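A short worksheet on the structure shown next.
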Amino acid sequence: MSATTPDNDEQLTRILKRVRRIELITRGMVKETLGGQYHSRFKGQGIEFDDFREYQAGDDVRFLDWNVTARMDEPFVRKYIEERELTVMLVVDVSGSGDYGSQEDSKRERAAEVAAVFAFSAVQNQDKVGLILVSDRVEHYLPARKGSAHALRILRDILTIQPKSRKTQLAPALDLALERVAHRALVVVVSDFLTTDTAWEASLRSVAAKHDVVAAQISDPREWQLPESGRICLEDPESGEQFIVNTSHPAVRQKYAQAISDRQAALTRVLRKNGVERIDVRMDDDYAPAMKAYFRARRRRKR
1 MSATTPDNDE QLTRILKRVR RIELITRGMV KETLGGQYHS RFKGQGIEFD DFREYQAGDD
61 VRFLDWNVTA RMDEPFVRKY IEERELTVML VVDVSGSGDY GSQEDSKRER AAEVAAVFAF
121 SAVQNQDKVG LILVSDRVEH YLPARKGSAH ALRILRDILT IQPKSRKTQL APALDLALER
181 VAHRALVVVV SDFLTTDTAW EASLRSVAAK HDVVAAQISD PREWQLPESG RICLEDPESG
241 EQFIVNTSHP AVRQKYAQAI SDRQAALTRV LRKNGVERID VRMDDDYAPA MKAYFRARRR
301 RKR
């Protein structure tokens with residue numbers, strides 16, 4: 001066994017502190033504001049037998065129980081309740097662009113918080129939760145299980161993984177979710193969606209046809225527009241390619257902003273086309289209202 005170095009010890013201490021901080025933040029949010037809304041929104045898809053009751057006008061005759069009816073000499077129907085158990089599969093993008101953050105946290109850390117909200121909501125509701133970490137390949141797969149210890153492991157895995165690739169391709173993770181999750185589930189894709197690849201739409205379409213899918217987009221305001229700072233060096237965090245850009249020219253800044261706008265519009269079209277809802281998580285803003293609005297909106301439509 002190799003000895004840990006001071007640098008490794010410091011990194012481990014930072015990670016554990018971060019895990020604890022995120023746990024406290026997300027547990028509090030789930031307990032105070034999201035728990036009931038998650039419970040109302042994400043009911044399981046099956047039903048289970050609950051009890052018998054007397055037949056009432058308008059009841060479905062298919063639920064008549066003839067044995068009980070014969071014994072009681074009155075018509076009785078079987079009463080069912082909706083099963084509550086659900087599988088939540090978290091697909092979290094851990095490509096190189098997630099290491100960036102103009103605020104205190106990186107996009108990876110914010111993605112971990114969003115994933116933790118769903119994980120601890122699932123735990124509170126006695127649901128299973130699993131994890132797929134993806135770059136341009138599946139970096140890590142954790143089958144869905146119940147319990148707080150499992151949710152904490154998910155959080156630690158997101159924060160500590162060292163991906164083999166820095167590029168982005170979501171299709172492998174979506175294909176794995178489709179393969180491994182047999183029953184209808186909630187699939188949460190947490191990513192900045194900074195990819196020029198379009199092949200993932202076919203995989204998204206397949207997953208969305210079987211499961212309930214939501215996309216949580218992590219965005220940093222500094223990535224949306226160039227500062228007016230003269231000549232600056234930009235580096236692609238996934239390819240390592242560097243560019244010298246003169247940001248003093250309005251046309252350069254406008255072209256960059258238009259490219260970002262076009263990419264967002266394309267993402268919006270893909271999600272809407274496939275019936276995938278979206279949660280916008282900005283690095284410079286509190287994401288709790290966006291999460292609450294999502295749960296509230298889905299609960300209203302469920303009624």
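Taken in order, the sequence shown gives residues 1 to 303; the numbers are from the UniProt record's numbering.
All residues carry an ideal CB built from backbone N, CA and C; glycine is no exception.
Nothing here was measured: the structure is a model prediction, and the numbers come from that model.
query: Integer Cβ distance of E139 from I22, believed to fall under 8 Å; result: Between I22 and E139 the Cβ distance is about 20 Å, and since that is not below 8 Å, they are no contact.
query: Distance CB(R110)-CB(I218) smaller than 7 Å; result: yes
query: Reduced DSSP category for R296 - H, G, I as helix; E, B as strand; rest coil; result: helix
query: E109 in three-state terms, based on DSSP; result: helix
query: Whole-angstrom C-beta distance between A144 and V134, which should lie under 8 Å; result: Rounded, the Cβ-Cβ distance is 16 Å, inconsistent with contact.
query: Nearest to R153 (by Cα), restricted to the options A177, V19 and D99; result: V19
query: Test item: CB-CB of S203 and A182 under 7 Å; result: no
query: Candidates A119, G101 and V270: closest to L86 by CA position; result: A119
query: heavy atom of the ligand SAM below 6 Å from V123 C-beta; result: Because no ligand of any kind appears in the structure shown, any question about the ligand SAM cannot be addressed here.
query: Under the three-state DSSP convention, the category D262 falls into; result: helix
query: Distance between R71 and D212 (C-alpha atoms, nearest Å); result: 43 Å
query: Euclidean distance between Cα positions of F162 and Y294; result: It should be pointed out that residue 162 corresponds to Gln in this sequence rather than to Phe. Distance between the alpha carbons of Q162 and Y294: 31 Å.
query: Whole-angstrom C-beta distance between G96 and E241, which should lie under 8 Å; result: Actually they are not in contact, since the Cβ atoms of E241 and G96 sit about 12 Å apart, beyond 8 Å.
query: Runs of alpha helix (DSSP H) lying entirely within the region 179-228, each at least 4 residues, in chain order; result: 200-210
query: Nonlocal neighbours in the same chain, by C-beta distance under 6 Å from P289, ignoring five residues either side; result: none
query: Length of the line joining the Cα atoms of G147 and E223; result: 37 Å
query: Residues of its chain near Q169, where Cβ-Cβ distance is below 8 Å and the 5 sequence neighbours each way are ignored; result: V134, S135, D136, R137, T195, D197, A199 and W200
query: When Y55, R253 and K292 are compared against G230, the one with the closest alpha-carbon; result: R253
query: Terminal residues of the beta strand (DSSP E) in which A144 lies; result: V138 to R145
query: Where K255 sits in the DSSP three-state scheme; result: helix
query: Endpoints, the alpha helix (DSSP H) within which residue 313 is located; result: Shown here, the chain extends from 1 to 303; a query on residue 313 therefore has no answer.
query: Whole-angstrom C-beta distance between L90 and L131, which should lie under 8 Å; result: 5 Å
query: Alpha-carbon spacing of V281 relative to H249, whole angstroms; result: 30 Å
query: Delimiting residues of the beta strand (DSSP E) encompassing T168; result: Element bounds for T168: n/a, residue is neither H nor E.
query: Under the three-state DSSP convention, the category E23 falls into; result: helix
query: Pick from W66, L159, R269 and A265 that is closest to L16, judged by C-alpha positions; result: L159
query: Cβ neighbours of V189 in the same chain (closer than 6 Å, five flanking residues each side left out); result: V91 and A215
query: Straight-line Cα distance separating R184 from K167; result: 29 Å
query: N-terminal and C-terminal residue of the alpha helix (DSSP H) that D157 is part of; result: S148 to T160
query: Cβ-Cβ distance between L155 and A116 below 7 Å; result: yes
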